[in-house]
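First comes the structure, then the notes that go with it.
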Amino acid sequence: MSHDAIENLSHENRSFAPSAAFAAQANATAALYDEARADRVAFWERQARELDWETPWTTALDWSNAPFARWFDGGKINIAVNCLDRHVAAGHGDQVAYHFEGEPGDTRTLTYADMLREVSQAANALESLGVQAGDRVAIYLPMIPEAAIAMLACARIGAVHSVVFGGFSAEALRSRIEDAEAVLVITSDGGNRKGKALALKPAVDEAVVETPTVRNVLVVKRTGQDVEWTDKDIWWHELVGSQPETHEARAFDSEHPLFILYTSGTTGKPKGILHTTGGYLTQVSYTHKNVFDLKPDTDVYWCTADVGWVTGHSYVVYGPLANRATSLMYEGTPDAPHPGRWWELVEKYRVSILYTAPTAIRTFMKLGEDIPNGFDMTSLRVLGSVGEPINPEAWMWYRRVIGGDRCPIVDTWWQTETGGIMISPLPGVTATKPGSAMTALPGISAEVVDDEAHAVGNGGGGYLVLTEPWPSMLRGIWGDNDRYVDTYWSRWKGLYFAGDGAKLDDDGAIWLLGRVDDVMNVSGHRISTTEVESALVSHPKVAESAVVGATDETTGQGIVAFVILRSGVQGGDDVVTELRNHVAHEIGPIAKPRQILIVPELPKTRSGKIMRRLLRDVAEHRAVGDTTTLADGGVMDLISQGLNTPTSSED
Ligand code: WTA
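Numbering (my numbering) for the sequence shown: 9 to 659.
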């Protein structure tokens, strides 16, 4: 019998099968699993054939140089042609590609014909600046249509884009430009955020002083605020606006690089995750169509992610456009100018598919259901989640309050490195359990293993690994192949280790347990932070929680929980006792937190992931470490102040 690497503590009996009506109209049926099992590579070839290839591939998968995969080798394809030209040629030029809504309420409607024209002009503009296939272009923009247009223009001419999230600092931008040796930066004067015009251009000015590879900076006018001007700078509207409206695209090798996207490792400098062309587009379009059940003629699809993250690449730009989706793109934050802004947009655009993150769902839970209840959201029919484990109670709230108890929820597990969704229900097939990503998609093989790489089997907990190559997998780390092999392929031979803990329940459904770096060791039991957090969130007084292991003289580590209460609930020693007992009751006395701290906020990265490292510093009474990647720098002060109030309990 295998020894569990991580304890399996929680048990979930609720299950939600798709309605017969949903199943009957779904894009994906159970037959997909059989087909993929019968011949995995042939299955992916069939998916790839949904795209327009200028030259067909000769080898579907070359894994002889593992872990460096080549998919659809010999094939030639142009991504932008697949996302735009072919839809216009098929008579869909008048279909809306993006409904854009700015934070101040300004709107733009871009049809597929509009997108093709603007991308062609932008492609001509890049070529006029001497940008060539293979050159790197940094994109530092707010969530405006030009972000997608710039990405597609790069793809159209074979330039490699590196999108840097607009909330990152000049230094973060500089190091990414430098690592990729970008020749061009595309930015804007600023963007609208929480009622203010937030400047972007000054960070670019600062970064390019030290990055001599950058020849030009192309500047979109978004807010109209004042900008400094240098001789490298060119206004987007002047250069792009004056270009010819057509551009002849040529096809590129399937393995031609498409983009680099930097992801922060837990240590060291950010990794430039490299993705290529044919396999990437194959998997993102396949997953987008089947996981979200996209119907291009009737759906209005909204993925709330920023283009600065991989979700914005795969499920705001490439997947939806390849599938001829009509999308909503929104510039602002969920709570500006009022906390019902998202639901107002769902009502206004009749959004039918919503894809967002657990952090947003938990924030809305905290604010209360009266806010979403004030809007007509009957247009919604599929809900998605990504980025972190979704606690079962947050899942139930999402289903009931946002989805009106009617919409299937797809909890999608994947990573910047995987390029596309890997583990997820199929909405017309899978009976979902709240909090579980369920099973690997057809064509993907995932396993949960112990320290010796043995499968843990149902009921066991351990490490999530991917056992076969997949089309949208990363092809390496930009400029550092050794680090690629080291980081992902060195723990066990032939297995891609994702860094996440996971367990299989008694039915074989996969439950993600968070990053293994966060797993706690309490008296020799390896306990996942996710399970304790979910137990806390299952209490009706709790909106959100973050759990860390703090050094403990007797038990090795002790469990310390930081908890945000739902709006209107009073903190105090009684609540703390109640919550500790609740955890013991839900998942067992071993998981009872040593200490619970009621806090007003939690430290999160700009993509919404909780930074447990900083909370460990607090729990272990250390000075708080590097907070530069925090979304809100003031949060740690709020938390430390909270520690002096009598709402923590230790025994
Ligand atoms: C976590 C985001 C649980 C996980 C697409 C992964 C999830 C990391 C889920 C990648 C999910 C993402 N359930 N955990 N559905 N989705 N994660 O690169 O730890 O920003 O390894 O990609 O987020 O984050 P990244």
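No residue lacks a Cβ here, since even glycine has one placed at the ideal position from N, Cα and C.
Bridge-paired residues (DSSP) for residue i
i	result
Asn-200	Ala-205
Asn-86	Per DSSP, none; premise fails for Asn-86.
Ile-572	Glu-552
Glu-455	Val-473
Ile-567	Gly-557
Arg-258	Answer is none; Arg-258 lacks a bridge partner.
Ser-393	Thr-364, Asp-419
Gly-509	Tyr-471
Phe-267	His-169, His-283
Met-337	Phe-108
Gly-484	Leu-282
Pairwise C-alpha distance: residue j and residue i
i	j	result
Thr-636	Ser-27	46 angstroms
Ala-98	Tyr-120	11 angstroms
Tyr-357	Arg-22	32 angstroms
Val-464	Asp-458	6 angstroms
Arg-164	Ser-553	44 angstroms
Glu-355	Gly-348	11 angstroms
Arg-144	Leu-226	14 angstroms
Pro-442	Val-139	48 angstroms
Asp-514	Gly-468	9 angstroms
Asp-7	Trp-405	With the chain represented from 9 up to 659, any question about residue 7 goes unanswered, as that position is not in the structure.
Ser-695	Tyr-326	Nothing can be reported for residue 695: it is not among the residues displayed for the chain, which extend from 9 to 659.
Gly-487	Arg-574	46 angstroms
Ala-383	Gly-412	Looking at the sequence shown, residue 383 is not Ala but Phe. Their Cα atoms are separated by approximately 12 angstroms.
Val-49	Ser-498	25 angstroms
Phe-267	Asn-489	16 angstroms
Asp-307	Cys-415	14 angstroms
Tyr-471	Phe-505	8 angstroms
Trp-403	Thr-238	50 angstroms
Arg-534	Leu-482	30 angstroms
Closest Cα partner of residue i within the set the options
i	options	result
Ser-444	Pro-64, Glu-214, Leu-512	Leu-512
Thr-334	Tyr-309, Gly-451, Gln-233, Ile-268	Tyr-309
Tyr-338	Ser-360, Cys-311, Glu-214	Cys-311
Thr-438	Lys-202, Asp-494, Val-418, Tyr-148	Val-418
Lys-229	Ala-207, Ala-88, Tyr-496, Arg-78	Ala-207
Leu-329	Thr-386, Ile-87, Leu-181, Arg-620	Ile-87
Phe-570	Arg-621, Ser-615, Glu-594, Trp-403	Arg-621
Ser-170	Ile-85, Glu-218, Thr-271, Ala-259	Thr-271
His-296	Gln-565, Ala-344, Ser-432, Gly-616	Ser-432
Ala-74	Gly-566, Trp-421, Gly-502, Arg-223	Gly-502
Ile-152	Pro-597, Asn-331, Met-481, Asp-197	Asp-197
Arg-491	Gly-522, Pro-278, Ala-551, His-107	Pro-278
Asn-90	Val-172, Val-127, Pro-477	Val-127
His-346	Thr-364, Ala-25, Ile-379	Ile-379
Gly-516	Pro-435, Asn-466, Glu-609	Asn-466
Ala-631	Gly-286, Ala-551, Ser-648	Ser-648
Met-528	Ile-518, Gly-566, Leu-520	Gly-566
Ile-598	Ile-361, Val-359, Leu-17	Leu-17
Cut-off 8 angstroms between Cβ atoms - residues of its own chain near residue i, not counting five sequence neighbours on either side
i	result
Ser-656	Low confidence applies here, because Ser-656 scores a pLDDT of 36, under 50, leaving its location unreliable; read the following figure in that light. Around Ser-656: Val-584, Gln-603, Ile-604, Leu-605, Ile-606.
Glu-658	In this predicted model, Glu-658 has a pLDDT of only 37, less than 50, meaning its place in the structure is not dependable; the value taken from the coordinates is given anyway. Excluding positions up to five away in sequence, the list reads Arg-602, Gln-603.
Asp-494	none
Pro-342	Thr-312, Arg-349, Trp-350, Ala-368, Thr-371, Phe-372
Arg-588	Lys-600, Pro-601, Ile-604, Ser-657
Asn-331	Ser-293, His-296, Lys-297, Leu-302, Pro-304
His-245	Val-228, Lys-229
Neighbourhood of residue i by C-beta distance below 6 angstroms, restricted to the same chain and skipping five residues each side
i	result
Pro-112	Asn-200
Val-556	Val-568, Arg-620, Leu-623, Arg-624, Ala-627
Thr-563	Val-530, Ser-531
Ala-543	Val-591, Glu-594, Ile-595
Gly-320	Ala-313, Asp-314
Ala-167	Val-139, Asp-143, Val-145
Pro-608	Leu-646
Residues near residue i in its chain [Cβ-Cβ closer than 7 angstroms; skip 5 each side]
i	result
Ala-133	Leu-247, Val-248, Gln-251
Gly-101	Thr-119, Tyr-120, Ala-121
Thr-221	Glu-189, Ala-190, Val-191
Lys-617	Gly-395, Glu-396
Glu-541	Asn-399, Ser-553, Ala-554, Val-555
Asp-241	Val-225, Val-227
His-547	Leu-587, His-590
Ala-155	Ile-147, Leu-149, Val-315
Met-9	In this predicted model, Met-9 has a pLDDT of only 43, less than 50, meaning its place in the structure is not dependable; the value taken from the coordinates is given anyway. Within the same chain, Met-9 has no close Cβ partners at all.
Arg-116	Phe-108, Pro-153
Asp-96	It should be pointed out that residue 96 corresponds to Val in this sequence rather than to Asp. So the list reads Tyr-120, Ala-121, Leu-124, once near-sequence residues are dropped.
query = Where the beta carbon is closer than 7 angstroms to any heavy atom of the ligand WTA, which residues qualify, in chain order?
reply = Thr-271, Trp-317, Val-318, Thr-319, Ser-393, Val-394, Gly-395, Glu-396, Pro-397, Ile-398, Asp-419, Thr-420, Trp-421, Trp-422, Gln-423, Thr-424, Glu-425, Ala-445, Ala-506, Gly-507, Asp-508, Leu-520, Gly-522, Arg-523, Ser-615, Lys-617
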